[in-house]
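> Residue numbers (the numbering used here): 1 to 298.
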Ligand code: AMP
């Protein structure tokens, strides 16, 4: 597998259908599932590894975001990547951009409301990755449901010729959604962090038993957090297509939670779809082994 640092080198690496998996690195099985999915669909798989400063706010974890290029190189290659695109900030932003990319509406709620500038930072880097790498397909996780909705809308609005695929959330054995930020959690914090997925799984069961009401579904998550003394930034039901707040599951939706646990700010969600008039929850997939995040092997 080649490691490159410029957009031109990525374009030179194209052969046949090219898939892009954008990441911020410190790979875990959530990222690896996207790479494996891309490897099944595409002839060439490019994994980008870039901690984008524009999507971090003041006081956030930009400076301490975990990084280990050699570790990521091995994991990405094993999962089926052909090229690792690991640019430095100057490769991506030779000059601070004066162009803004803002997906109005979608960018202003949930994460956008709690992390000012974050969604626009994601929007510009994704636009640059699509323009610079020129992939045929790009793979994103449902774990970041709002980001997925935003990228889809961005691609459609700007006629970007990239097919955007959304892949299921991968969870640790006990349900905690995999995140590079899980490495910030102490053992105690990790136990408390399980309140997010536990609440969402309870809500998934309730939805499949017929509960459509947004406040009642959200209350199940809030109750789970409160039991562990975790305060939520938000718990919200929103539409999958445009992240519109929903009172009830009347269209494909997701129930999202964001909360700070110890040194980590975590997000998680379940998608809830309507199938033949009944609600079906996507709970994601669970590992049956310890995650590579903690030093295990894939
Ligand atoms: P990140 O490195 O956190 O920016 O994530 C890069 C990509 O991996 C995004 O499309 C995320 O949605 C996706 N991703 C992160 N965590 C998971 C997970 N636990 N399961 C599936 N996809 C994930």
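Yeah, the Cβ is synthetic: ideal placement off N, Cα and C, and Gly gets one too.
These numbers come from a predicted model, not from an experiment.
1. From the DSSP output, read off the bridge partner residues of residue 85.
2. Going by the C-beta, is residue 146 closer than 8 angstroms to any heavy atom of the ligand AMP?
3. Should residue 60 go down as buried or exposed, given a rule of 16 or more other Cβ atoms within 10 Å for buried?
4. Here's the rule I'm using: 16 or more other beta-carbon atoms within 10 Å means buried, otherwise exposed. How should residue 138 be labelled?
5. Compute the Euclidean distance between the alpha carbons of residue 147 and residue 214, then round it to the nearest angstrom.
6. Got a sec? Which residues, its chain only, sit under 8 angstroms from residue 51 by beta carbon, not counting five neighbours each side?
7. Is residue 178 near the ligand SAM, in the sense that its beta carbon is under 8 angstroms from a heavy atom of that ligand?
8. Contact defined as beta carbons within less than 8 angstroms: I believe residue 5 pairs with residue 91. What is the distance between those atoms, to the nearest angstrom?
9. Would you mind sorting residue 82 into buried or exposed? The rule is 16 or more other CB atoms within 10 Å of its CB.
10. On the three-state DSSP scale, how would you describe residue 289?
11. Give the DSSP-derived three-state secondary structure of residue 244 in the structure shown.
12. Quick check: the Cα distance between residue 237 and residue 12, rounded to an integer number of angstroms?
13. Considering residue 273, what are the terminal residues of the beta strand (DSSP E) in which it resides?
14. Mapping the DSSP letters down to three states, classify residue 130 as helix, strand or coil.
15. Counting only runs that start and end within the stretch 187-233, where is the alpha helix (DSSP H) found for 4 or more residues in a row?
16. Based on Cα-Cα distance, which residue from 86, 100, 121 lies nearest to residue 55?
17. Can you check which of these residues, 15, 167, 150, is closest to residue 118 by C-alpha distance?
Well, looking at it:
1. The sequence position of residue 85 within the chain shown is 85, counting from 1. Residue 85 pairs with 4, 48.
2. The residue you call residue 146 lines up with position 146 of the chain shown. Outside the cutoff, so no.
3. What you label residue 60 is simply residue 60 of the chain shown in a count that begins at 1. Exposed, since its Cβ has fewer than 16 Cβ neighbours within 10 Å.
4. For the purposes of this step, residue 138 is taken as the residue at position 138 of the chain shown. Buried is the call here.
5. Sequence index remark: in the chain shown, residue 147 carries index 147 (1-based). Sequence index remark: in the chain shown, residue 214 carries index 214 (1-based). Cα-Cα distance, rounded: 21 angstroms.
6. Translated into positions along the chain shown, residue 51 becomes position 51. For residue 51, the CB contacts under 8 angstroms within the same chain, skipping 5 residues up- and downstream, are 24, 25, 62, 65, 67 in chain order.
7. Among the ligands present in this structure, namely the ligand AMP, the ligand SAM is not found.
8. Along the chain shown, read from residue 1 onward, the residue named residue 5 stands at position 5. Along the chain shown, read from residue 1 onward, the residue named residue 91 stands at position 91. Between residue 5 and residue 91, the beta carbon gap of about 5 angstroms places them in contact (Cβ cut-off 8 angstroms).
9. To locate residue 82, count along the chain shown from 1; it is residue 82. By the 10 Å Cβ count, residue 82 comes out buried.
10. Reading the chain shown from its first residue, position 289 is the one you call residue 289. If DSSP states are grouped into helix, strand and coil, residue 289 belongs with coil.
11. Locating residue 244 in the chain shown gives position 244, counting from the first residue. When secondary structure is reduced to three states using DSSP, residue 244 falls in the coil class, being assigned neither helix nor strand.
12. As a working mapping, residue 237 is identified with position 237 in the chain shown. As a working mapping, residue 12 is identified with position 12 in the chain shown. C-alpha of residue 237 to C-alpha of residue 12: approximately 43 angstroms in a straight line.
13. One-based indexing of the chain shown puts residue 273 at position 273. It spans 264-275 - the beta strand (DSSP E) in which residue 273 sits, taken as one unbroken run.
14. If you number the chain shown from 1, residue 130 lands on position 130. In the structure shown, residue 130 sits in a helix (DSSP, three-state: H, G or I).
15. You should have 187-208, 214-227.
16. Reading the chain shown from its first residue, position 55 is the one you call residue 55. That would be 121, whose Cα lies nearest to the Cα of residue 55.
17. Start at 1 with the first residue of the chain shown, and residue 118 comes out as number 118. Taking the Cα of residue 118 as reference, the smallest distance to any Cα among 15, 167, 150 is reached at 150.
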